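Enquirer: Chains as they are written, first to last, in the UniProt record's numbering: chain D, 1 to 497; chain H, 1 to 581. A virtual CB, placed ideally from N, CA and C, is assigned to each residue, including glycine. Quick caveat, the model's predicted, so the values are computed rather than measured.
1. Quick one: what's got a C-beta closer than 8 Å to residue 91/D's C-beta in the same chain, skipping five residues either side?
2. Can you pull the chain H neighbours of residue 368/D, defined as C-beta to C-beta under 8 Å?
3. What three-state label does DSSP hand residue 371/D in the structure shown?
4. Three or more C-beta pairs under 8 Å: does that hold for the region 11 to 26 of chain D against the region 166 to 183 of chain D?
5. Check whether the region 254 to 267 of chain D and the region 386 to 395 of chain H are in contact - that is, three or more C-beta pairs closer than 8 Å.
6. Determine which residues of the region 172 to 197 of chain D have a Cβ less than 8 Å from any Cβ of chain H, and write them out in chain order.
7. Of the residues that make up the region 284 to 316 of chain D, which ones have a beta carbon closer than 9 Å to any beta carbon in chain H?
8. Looking only at its chain, what residues have a beta carbon closer than 8 Å to the beta carbon of residue 168/H, apart from the 5 residues adjacent to it on each side?
9. DSSP state of residue 184/H, grouped into three classes?
10. Check the C-beta distance from residue 52/H over to residue 34/H and give it rounded, since I have them as a contact under 8 Å.
11. Short of 8 Å Cβ to Cβ, which residues in the region 281 to 298 of chain H face chain D?
12. What residue range is occupied by the uninterrupted beta strand (DSSP E) comprising residue 485/H?
13. Judging by CA-CA distance, which residue of 93/H, 358/H, 551/H is the nearest neighbour of residue 572/H?
14. Suppose you measure from the CA of residue 407/H to the CA of residue 492/D; what does that come to, to the nearest Å?
15. Between the Cα of residue 546/H and those of 581/H, 455/H, 152/H, 293/H, spot the shortest distance and give me the residue it belongs to.
16. Determine which residues share a DSSP beta bridge with residue 121/D and list them.
17. Specify whether the region 434 to 443 of chain D and the region 472 to 492 of chain D touch according to this definition: at least 3 beta carbon pairs, one from each stretch, less than 8 Å apart.
18. CA-CA distance, residue 543/H and residue 382/D?
19. Find the nearest neighbour of residue 104/H within the set 254/H, 7/H, 401/H, judged by alpha-carbon distance.
20. With a threshold of 9 Å between beta-carbons, can residue 20/H be considered close to chain D, or not?
21. Quick one: which chain D residues come within Cβ less than 8 Å of residue 372/H?
22. I'd like to know if residue 1/D contacts chain H, where contact means its C-beta is closer than 9 Å to some C-beta of that chain.
23. Determine, using beta carbons only, whether residue 76/H comes closer than 9 Å to chain D.
24. So is residue 34/H in contact with chain D if we call contact Cβ pairs under 9 Å?
25. Alpha carbon to alpha carbon, how far is residue 388/H from residue 560/H?
26. Secondary structure at residue 224/H, three-state DSSP: helix, strand or coil?
27. I'd like to know if residue 155/H contacts chain D, where contact means its C-beta is closer than 9 Å to some C-beta of that chain.
28. What number of angstroms, rounded off, separates the C-alpha of residue 414/H from the C-alpha of residue 453/H?
29. Could you give the C-beta distance for residue 230/H and residue 147/H, rounded to a whole number, given that I count them as a contact under 8 Å?
30. Could you tell me whether any Cβ in chain H is nearer than 9 Å to the Cβ of residue 46/D?
31. Along chain H, in chain order, which residues have C-beta atoms closer than 8 Å to that of residue 266/D?
32. For residue 139/D, which residues in the same chain have their Cβ closer than 7 Å to its Cβ, ignoring the five residues on either side in sequence?
33. Could you give the DSSP three-state label for residue 235/H: helix, strand or coil?
34. State yes or no: is the beta carbon of residue 198/H nearer than 9 Å to at least one beta carbon in chain D?
35. Report all residues from its chain with a CB closer than 7 Å to the CB of residue 194/H; omit the five preceding and five following residues, and keep chain order.
36. Is it right to say residue 136/D is buried, meaning 16 or more other beta carbons lie within 10 angstroms of its own, or is it exposed?
Now the structure itself:
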């Protein structure tokens, strides 16, 4: 190989420029080998200049070559027919395997015809002599090595009859480069500690880098996309002055999950169709007695200025354990704690944690998801404050265009669903739910009458799916996620789109 | 959330207004219902149907009469009607037998006279019943409704509960008579009715309403009798007297249902919005009830307080007008208070806060000025979450990738799949009583199976795979208030051509260093008692001064790999973070 590169350089030294096909012929080497040495010279810098080119190579097939030698099939058939004709079967025997094609072409050319006679068919000449033009064309191609003189139809015809094939050939035009030399020096691939120590690097030439290639994949760990969003939302809420609630309690009693939130005992959310109940431990061990009595009074309309939901509130229902359906169960515990303290302290609280629904699963619903919840408790809060908080919070998530729809929620009144304009879908989509907790929920907890509590909630998955354009929730959460997606996920910047 | 389908043209005709779809959508949004979908009628594609989502507590919007009436009032086109129940000289009576008390103890009744029934109104009667049955009546368990042609009946009526073998009648749209027990059998194959049979099937007596001649009005909550059905007999219009009955297990809901039916359909009766009072007599208590009650309740609200909740500054007159637009007829009293009439259509109003919301809706949520609360607070993180987030970053920096897997799983995941004995593990699991699939049988108490499933789904990825998760598991604990508690765990797995015990061990060393558990203060103790690990390659993690182990690590048993279809060896670590924080 080294020898061949020398030969290439010598040739260029003598002639200045050449193409690789020619060079292969001159050097009597295979074209591929010549290309190999050109490539290795090219990698050494500007010793040679290389330009890729291609041309069409035209060759006769074995059959094409036999046409040149013996004449075309149709000419052979014509020549085999004597004056006065010949029986078809005799003719076929005389000319052998080429007979069938030869005869049909000869008929097509109007050279011969078939005459039906008693006792069989006979083939007779129509013309006296013929010009075997196809053979002449092939002769020319063989001699010149090109088909460029043939018209398109004739060329197509020859190709169709598989007499001639054309293949594209890639070759290279090469000439001397700016650093042309016939004396090759081996290029170093990398700087080494030895070169640095000895100063040898000053004399060495280095192989150029390919800056078009990608870098290597680094061995690294990655955080999960949804949990990155969780951290970011957590920071946002902390920045907004919200304290984090201890939500590490997945199993909750119906009392805290529903009754304390003034969800009627006959509400469909408390059906086995919608909520996971526990078989073990089936019931909770403890509910604060006095508080439960006040909750019961609120539900049955005995106290707290409400008609309630009618008679029939059952303690057994409250004791049933469930997988919490919202983190609001924890908010209820926190508000009860605040109410129990006696002296009211304003509070901003938040949580982001798992909640559970026994619902039909689809592309956007799982049996468990993360709920983000915020609560503000203070004297004389109003709906404008709730809207203000929503605009601030969603704005920081990058969700800026908001509107608010009246809605029904058993534990908030007034309630508002938060809608945002989805630029992709070109419509308003619900992004969260919010409201002011009902007095029937707060008064039994001992929260003072003029204290109002505003709250909102949303799923963490939904804005994450919208932000990263994920259609199926299983592509984001659970064991089936593609780890490559996790590896490639960018840092979480919710306010950029 | 219930959805009501109303023909657009009928709705607009009733509203006496025309809207573009966008205008109507906007109106709905402001009012608090949602135009969910616009489609063509299944039978007649030339009719445009509006599908409207209704809040779950607004039973008065479940039919075209209700929606158009409420919107007309909201638009200021009409005033809220006043509903009345007039007592006739002789009242239609229903006698309730004590036998009903064990199965379906309540009945409420009412009459609308001279109802002009057309095809559309007939459809409304049927649809409204259907919607009420499906929502507030909870598929007829709480309440079941029957509407009858009074002219076919001879009061008084008797509501009793009889043994199925002694009930025989021709049910609605059938050609022959059935005995009740045979009828229940017959309806087993009825796609619509079979869902309601369970409500009374096991009761020794079935509820039945008859007139004084013994004609059956209905066998609630299953089916009405055929004789008393509301039938146009092919005519375009017919004037009829309608008898409404609703039997129930919940009297509050029964009254709401009856009031809703009567108030919605009374606009078609001879004297508009007027019902005829009826009487229900309970034999066992001697109590007599006049129905429908159609009570309008009056509630005083404080203007200043209401303004303060909404965050506006409306004058008493403006507030009163707003409430009237919401169907709550109001008038200004002295000293800045408003007297609000709550009509029998608005059973959703149970507290002053419900009225306040209507003030806000009438004012328009989007018109309220946004202002951040001035609540002064100092924010704190929940310490366990704070350290979790710090650790997540650090474990990822050690080259592990975070997984997020489900906290519910099958019992098998916690037992057989990781070679643990079911008899030992199952009693410690917090189990779900009503899972729809095996995947949600129990709360997990270990994180490792979730990580192994993640590897199982990602076998195409280049090796090594190093995963971790920090999340809560749930353990049964009798000492806890709910009998179970969460525990924060950290788990990690390394999956490669070689088991990589030293890698998982290295991660443990790193975590201990990060949590300031010094070298020499923790150690591994060989443990062959844990069948999840390969013999001789599993260890307990002990920490000085802590009783028991805080976790374990080791090379997974080949049979565990096999259960998760893993083709390479794998080592794993799981620790209870709460014990070393």
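Expert: The structure says:
1. For the purposes of this step, residue 91/D is identified with residue 91 of the first chain, where counting begins at 1. So the list reads 77, 80, 81, 99, 103, 123, once near-sequence residues are dropped.
2. Locating residue 368/D in the first chain gives position 368, where the first residue counts as 1. Going along chain H in sequence order, the residues near residue 368/D (Cβ under 8 Å) are 406, 407, 408.
3. The count along the first chain starts at 1 and reaches residue 371/D at position 371. If DSSP states are grouped into helix, strand and coil, residue 371/D belongs with the strands.
4. yes
5. no
6. none
7. 284, 285, 286, 287, 301, 304, 305, 306, 307, 308, 309, 310, 311, 312
8. The sequence position of residue 168/H within the second chain is 168, counting from 1. Excluding residues within five positions, the ones whose Cβ falls inside 8 Å are 177, 178, 179, 180.
9. Along the second chain, one-based indexing puts residue 184/H at 184. Helix, per DSSP.
10. Numbered from 1 along the second chain, position 52 holds the residue referred to as residue 52/H. Numbered from 1 along the second chain, position 34 holds the residue referred to as residue 34/H. At roughly 7 Å, the Cβ-Cβ gap stays under 8 Å, so residue 52/H and residue 34/H are in contact.
11. none
12. Residue 485/H sits at position 485 when you count from the first residue of the second chain. 484 to 495 is the extent of the beta strand (DSSP E) around residue 485/H.
13. For the purposes of this step, residue 572/H is identified with residue 572 of the second chain, where counting begins at 1. Here the closest residue by C-alpha is 551/H.
14. Start at 1 with the first residue of the second chain, and residue 407/H comes out as number 407. Start at 1 with the first residue of the first chain, and residue 492/D comes out as number 492. Cα-Cα distance, rounded: 24 Å.
15. In the second chain, counting from the first residue as 1, residue 546/H sits at position 546. Among 581/H, 455/H, 152/H, 293/H, the Cα nearest to that of residue 546/H belongs to 581/H.
16. What you label residue 121/D is simply residue 121 of the first chain in a count that begins at 1. Residue 121/D pairs with 116/D.
17. no
18. Within the second chain, numbered from 1, the residue matching residue 543/H stands at position 543. Within the first chain, numbered from 1, the residue matching residue 382/D stands at position 382. Taking the straight line joining both Cα atoms gives about 52 Å.
19. The residue labelled residue 104/H in the question sits at position 104 within the second chain. Of the candidates 254/H, 7/H, 401/H, the one whose C-alpha sits nearest the C-alpha of residue 104/H is 254/H.
20. Indexing the second chain from 1 puts residue 20/H at position 20. Residue 20/H does not count as touching chain D.
21. Counting from one through the second chain, the residue named residue 372/H turns up at place 372. Within chain D, the residues near residue 372/H are 385, 388, 389, 392.
22. Sequence index remark: in the first chain, residue 1/D carries index 1 (1-based). Model confidence at residue 1/D stands at a pLDDT of 46, short of 50, so the residue's coordinates are unreliable; what they give is reported in the following sentence. No, no contact with chain H.
23. Working through the second chain from its first residue, we reach residue 76/H at position 76. Chain D, which has no Cβ nearer than 9 Å to the Cβ of residue 76/H, makes this no.
24. Start at 1 with the first residue of the second chain, and residue 34/H comes out as number 34. It does: the Cβ of residue 34/H has a partner Cβ on chain D nearer than 9 Å.
25. Stepping through the second chain from its first residue, residue 388/H is reached at position 388. Stepping through the second chain from its first residue, residue 560/H is reached at position 560. Answer to the nearest angstrom: the Cα atoms are 28 Å apart.
26. One-based indexing of the second chain puts residue 224/H at position 224. It is a strand residue.
27. Within the second chain, numbered from 1, the residue matching residue 155/H stands at position 155. No, residue 155/H does not count as interfacial toward chain D.
28. As a working note, residue 414/H is residue 414 in the second chain. As a working note, residue 453/H is residue 453 in the second chain. If you take the alpha carbons of residue 414/H and residue 453/H, they lie about 12 Å apart.
29. Here residue 230/H is taken as the residue at index 230 of the second chain, counted from 1. Here residue 147/H is taken as the residue at index 147 of the second chain, counted from 1. At roughly 6 Å, the Cβ-Cβ gap stays under 8 Å, so residue 230/H and residue 147/H are in contact.
30. On the first chain, residue 46/D is found 46 positions in, with the first residue counted as 1. No, no contact with chain H.
31. Locating residue 266/D in the first chain gives position 266, counting from the first residue. Residues of chain H passing the Cβ test: 138, 142, 250, 253.
32. Here residue 139/D refers to the residue found at position 139 of the first chain. Result list for residue 139/D: 68, in chain order.
33. Here residue 235/H is taken as the residue at index 235 of the second chain, counted from 1. DSSP places residue 235/H in coil when its eight states are reduced to three.
34. Along the second chain, one-based indexing puts residue 198/H at 198. False, the Cβ-Cβ gap to chain D never drops below 9 Å.
35. As a first step, residue 194/H must be located in the second chain, where it is residue number 194. Excluding residues within five positions, the ones whose Cβ falls inside 7 Å are 187, 188.
36. Here residue 136/D is taken as the residue at index 136 of the first chain, counted from 1. Exposed.
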